[in-house]
Every structure is written in structure tokens, then in C-alpha cells.
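Enquirer: Shown below is the structure under consideration.
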Amino acid sequence: MAEPHDPDDHPSDEETAARYADGHRAVPGSPPSTWFEEGPEVDRRPSAARWILAGILALGVFPLLVLLRVTSLGGLDQTALFYVGFPVVLALIVVLSARPRSAVGVAMAITTVMLLLSGPLLGEGLVCLVIAAPLIYGLVALVTWLGVAVSGRNRQGPHALVVVPLLFALTLEGVAGLSLLPRDDTGTGSVLVGATPERVAAALAAPPAYEDPEAFFLSAVPFPEPVEAVGEGLDVGDGRLVHFTPRTTLALHDEPTPRTMELEITESRIDEDGGRVVFDVTEDTTLARWLDLRTATATWRREGDATRLTWEFDYTRTYDPSWYFGPVQAYATDLAAAYLADTFAEAVR
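When you number the sequence shown by my numbering, it's gap-free, plus one each residue, and the end is 555.
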């Protein structure tokens with residue numbers, strides 16, 4: 207028979223290591239953890255720390271977000287300071303103030319609530335919020351894990367410290383014009399049209415009939431959609447006025463604001479085997495919040511009995527961090543160029 211355990215005995219090194227291993231596995235006879243799990247006898251009413259956290263979020267973070275969007279504060283709402291700094295601060299508040307069953311789980315829940323509350327305030331910025339949601343969730347989870355690790359509750363704490371300077375550097379991207387990736391890029395989309403170059407040119411010279419985009423990303427994210435285009439011709443100086451779905455807000459008695467894009471042909475070359483036409487964007491009240499679209503170029507070339515039609519959008523990325531919004535905007539503009547190519551191809555078929 208085993209001898210009774212002496213409560214005055216100190217735990218062995220093996221017991222101590224097992225008690226604080228990953229997941230905080232309980233050692234027989236050891237008290238339940240109060241960081242990730244609550245014992246059955248613990249009072250489950252909201253603690254003072256959680257009330258403080260709720261007050262900070264309701265009276266501090268939420269009004270700050272409103273102020274940031276109303277004033278823009280020099281455009282900081284389009285920099286990594288907003289998209290990286292905001293989730294970092296939120297995660298640190300959770301780690302330092304709450305005693306949850308799961309630090310990462312509670313951080314995810316609070317982030318979801320904040321995103322839902324922020325949606326109506328952002329107006330057309332809701333597009334950016336939807337696109338940025340994976341970035342925000344990822345950073346909240348990363349920083350929450352980092353906070354738990356460096357607080358001594360995780361044996362990987364010393365190694366986790368290497369993430370701190372990297373995270374700090376990423377947060378500053380865009381604040382002073384710094385960009386890790388090039389800001390200028392081109393979105394491209396093409397389609398093979400079963401028609402002659404002459405018929406394709408005739409379709410490009412006339413106003414297109416826009417349909418709902420088939421690409422899931424373009425239809426799922428609330429981007430402005432083209433409604434109609436006014437103007438015709440493929441000569442230098444000819445223009446187009448494209449009307450998009452209007453902008454709406456939650457303001458009382460607010461009327462929908464029209465959104466348009468004006469384009470003018472600055473280069474035109476057409477021959478029997480194809481052609482190339484460059485549209486310069488002269489005014490844009492539609493996409494200017496997400497990117498600076500400079501030119502839209504249509505190129506068509508004979509391929510056997512068909513014609514290859516290609517659209518290219520030259521633009522400048524205006525959002526940071528570049529390692530996230532760069533690929534996202536490149537993907538979106540490629541889809542938009544392919545959508546425009548399909549739109550004109552349908553006019554020929």
C-alpha cells in the first residue's frame with residue numbers, strides 16, 4: 207500500500223514540469239488552473255476585470271474607431287496602424303485584463319463583436335473590413351498567443367519574444383509611406399472570342415450591357431457594381447461615363463450618392479488583325495477608396511478563327527500592409543479585368 211501523501215512535501219521536478227506543460231494538464235491532486243479553466247466551485251459571475259474590459263471596449267476602443275473613421279486622422283485608417291495596430295491593442299487588452307477559459311477563444315469572440323459593431327460605421331469601408339477580416343482575426347490570435355507565452359504560462363515564452371520586433375515593424379508599414387512590396391501593379395483578364403477582330407472592335411466601341419459578376423469573390427464582397435456606360439467610339443478623345451451602384455449611409459434623411467468613373471481614350475491603334483485602346487481615368491468617385499486606378503487598356507488580336515480580347519488595369523495600391531492587401535487587390539483586379547472581358551465577349555456572341 208502506498209504511503210499517504212505528506213502535504214508538506216514539495217513537488218518533484220517531474221511533477222512541476224508536468225503541471226505546467228502545454229495545455230496545463232492537471233496532475234492528480236493539483237488544483238485546477240485559473241487561467242484557461244475554471245473549477246466547479248469558482249464563481250462564474252462576471253469578474254471586475256471583465257467589467258473593466260467591457261468598459262474599455264465600449265467607452266474607449268469603439269469611440270476611438272468612430273473618431274478614426276469620421277476624421278480619417280490624416281489617412282491613418284488606410285495604413286497598417288489601423289489594420290495591424292488595432293487588433294494588437296485589442297489582443298493585449300484581453301490578455302492583460304481577462305481570466306477566460308481560453309484566451310484565444312475570448313479574443314476571437316470580442317473581435318467578432320467589434321467587427322459587427324464597426325460595419326455600419328464604416329459605410330463603403332465595409333468592403334475593406336470584409337477583406338481585412340482574415341488579417342484581423344489572424345493577428346488577434348497571434349498576439350493573444352504571444353501575450354500568454356511571454357507572461358510565463360507557456361514554455362515557448364522566450365522563443366516567442368522574437369515575434370515582437372517583427373510585429374512592431376509590420377505595424378508601421380504605410381504610416382510614413384513605407385511599403386515592403388511595390389505599390390504599382392496591373393490586373394489582367396482575357397477571353398477567347400469566337401468572332402473576327404472587326405466584330406470585337408465594334409463591341410468595344412459601343413456601351414456594354416453589364417450583368418452580375420459570376421466570380422464568387424466579386425459577388426460575395428460588397429464592391430460597387432457597374433450599372434451602365436454612356437459614350438461610344440474608339441478614337442482618341444472619345445470618352446466613357448460609367449455609372450455604378452450608389453453609395454448609401456445610415457445617416458438620417460440621407461440620399462444615395464451617385465458613383466461614377468470618367469474615362470478618355472488617349473491611345474488608339476486598330477488594324478485588320480486587332481488593336482489596342484488605352485482609357486485614362488480622368489475622374490473616379492467609385493474605387494478611389496480602395497485603389498488608384500490610372501488606366502484601363504483593351505487589346506484584341508486574331509488567333510486563328512477567333513480573337514483574344516484582353517483587359518488590363520494599371521493601378522496603385524493605397525492600403526497597407528502590402529504583404530496582405532497587395533495579393534488581395536491583385537486578385538480582385540484580375541477578376542474585374544476578366545469580368546470586363548467576358549462582358550464585351552457576350553456582346554459579340
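All residues carry an ideal CB built from backbone N, CA and C; glycine is no exception.
What residue range is occupied by the uninterrupted alpha helix (DSSP H) comprising SER385?
Expert: Taking the sequence shown and counting its residues from 1, one reaches residue 385 at position 179. Note, SER385: premise wrong, no alpha helix (DSSP H); not H, not E.
Enquirer: With distances taken Cα to Cα, identify the nearest neighbour of GLN170 among PHE429, GLU420 and PRO413.
Expert: Absent from the structure is residue 170, since the part of the chain shown begins at 207 and ends at 555.
Enquirer: Looking at the strands, I want to know which residues DSSP matches up with VAL399.
Expert: Sequence index remark: in the sequence shown, residue 399 carries index 193 (1-based). In DSSP, VAL399 forms a bridge with THR513.
Enquirer: If you count every other CB in all the chains shown that lies within 10 Å of the CB of PRO388, and 16 or more means buried, which is it?
Expert: The residue given as residue 388 occupies position 182 in the sequence shown. PRO388 should be labelled exposed.
Enquirer: What did DSSP end up calling TYR521 once you bin it into helix, strand or coil?
Expert: Translated into positions along the sequence shown, residue 521 becomes position 315. The answer is strand: DSSP assigns TYR521 an E or B state.
Enquirer: For a quick check, are the C-beta atoms of THR505 and ARG482 less than 8 Å apart?
Expert: Here residue 505 corresponds to residue number 299 of the sequence shown, with the count starting at 1. Here residue 482 corresponds to residue number 276 of the sequence shown, with the count starting at 1. The answer is yes: Cβ separation under 8 Å.
Enquirer: Looking only at C-alpha atoms, which of GLU438, ALA315, ALA309 and GLU379 sits nearest to ALA408?
Expert: Walking along the sequence shown from the start, residue 408 turns up at place 202. Nearest C-alpha to ALA408: GLU438.
Enquirer: To which residues does DSSP link GLY445 through a beta bridge?
Expert: Taking the sequence shown and counting its residues from 1, the one referred to as residue 445 is at position 239. Note: GLY445 sits in a beta bridge opposite GLU470.
Enquirer: Identify the residues that DSSP records as bridge partners of TRP506: which are they?
Expert: For this step, residue 506 is matched to residue 300 along the sequence shown. GLY481 and LEU515, per the DSSP bridge assignment.
Enquirer: Taking just the CA atoms, how far does PRO462 sit from THR539?
Expert: Against the sequence shown, residue 539 aligns to sequence position 333. Against the sequence shown, residue 462 aligns to sequence position 256. The straight-line gap from Cα to Cα measures roughly 26 Å.
Enquirer: Quick one: using the 10 Å Cβ neighbour count with 16 as the cut-off for buried, is GLY311 buried or exposed?
Expert: Sequence index remark: in the sequence shown, residue 311 carries index 105 (1-based). It counts as exposed.
Enquirer: Nearer than 7 Å: is that true of the beta carbon of THR402 relative to any heavy atom of the ligand ZN?
Expert: No copy of the ligand ZN appears in this structure; indeed no ligand is present at all.
Enquirer: Which residues in the same chain have their Cβ closer than 7 Å to the Cβ of ARG508, if we skip the five residues on either side of it in sequence?
Expert: Numbered from its first residue, the sequence shown carries residue 508 at position 302. Closer than 7 Å at the Cβ level, and outside the excluded window around ARG508, lie PRO403, ASP479 and GLY480.
Enquirer: Once you ignore the five residues that flank THR392 on each side, which residues in its own chain have a CB closer than 6 Å to its CB?
Expert: As a first step, residue 392 is located in the sequence shown; it is residue number 186 there, counting from the start. Excluding positions up to five away in sequence, the list reads GLU518 and ASP520.
Enquirer: So, under 8 Å CB-CB, THR513 and ALA415 are touching, yes? Tell me the CB distance rounded to an integer number of Å.
Expert: Here residue 513 refers to the residue found at position 307 of the sequence shown. Here residue 415 refers to the residue found at position 209 of the sequence shown. About 19 Å; that fails the 8 Å criterion.
Enquirer: Quick check: what's the CA-CA separation for ALA421 versus LEU541?
Expert: Taking the sequence shown and counting its residues from 1, one reaches residue 421 at position 215. Taking the sequence shown and counting its residues from 1, one reaches residue 541 at position 335. Taking the straight line from one Cα to the other gives about 7 Å.
Enquirer: If you draw a straight line from the C-alpha of GLU247 to the C-alpha of VAL354, how long is it?
Expert: For the purposes of this step, residue 247 is taken as residue 41 along the sequence shown, with counting starting at 1. For the purposes of this step, residue 354 is taken as residue 148 along the sequence shown, with counting starting at 1. Any reading at GLU247 needs caution, since the residue's pLDDT is 46, under 50, leaving its predicted position unreliable; the model's value is listed next. Their backbone Cα atoms lie some 24 Å apart in a straight line.
Enquirer: Does DSSP put THR318 in a helix, a strand or coil?
Expert: As a working note, residue 318 is residue 112 in the sequence shown. The answer is helix: DSSP assigns THR318 an H, G or I state.
Enquirer: Note down the Cα distance separating LEU386 from ARG555, rounded to an integer number of angstroms.
Expert: By 1-based counting over the sequence shown, the position of residue 386 is 180. By 1-based counting over the sequence shown, the position of residue 555 is 349. So the alpha carbons of these two residues sit roughly 44 Å apart.
Enquirer: Take ALA547 as the anchor and find which of LEU341, ILE316, VAL333 and GLY395 has the nearest alpha-carbon.
Expert: Taking the first residue of the sequence shown as 1, we reach residue 547 at position 341. The shortest C-alpha separation from ALA547 is found at GLY395.
Enquirer: Taking 8 Å as the cut-off, decide whether the C-beta atoms of VAL442 and THR488 are in contact.
Expert: Here residue 442 corresponds to residue number 236 of the sequence shown, with the count starting at 1. Here residue 488 corresponds to residue number 282 of the sequence shown, with the count starting at 1. No; because the gap between Cβ atoms is not below 8 Å, this pair is not in contact.
Enquirer: Check the DSSP bridge columns for GLU434 and list the partner residues they point to.
Expert: Sequence index remark: in the sequence shown, residue 434 carries index 228 (1-based). According to DSSP, GLU434 bridges with HIS449.
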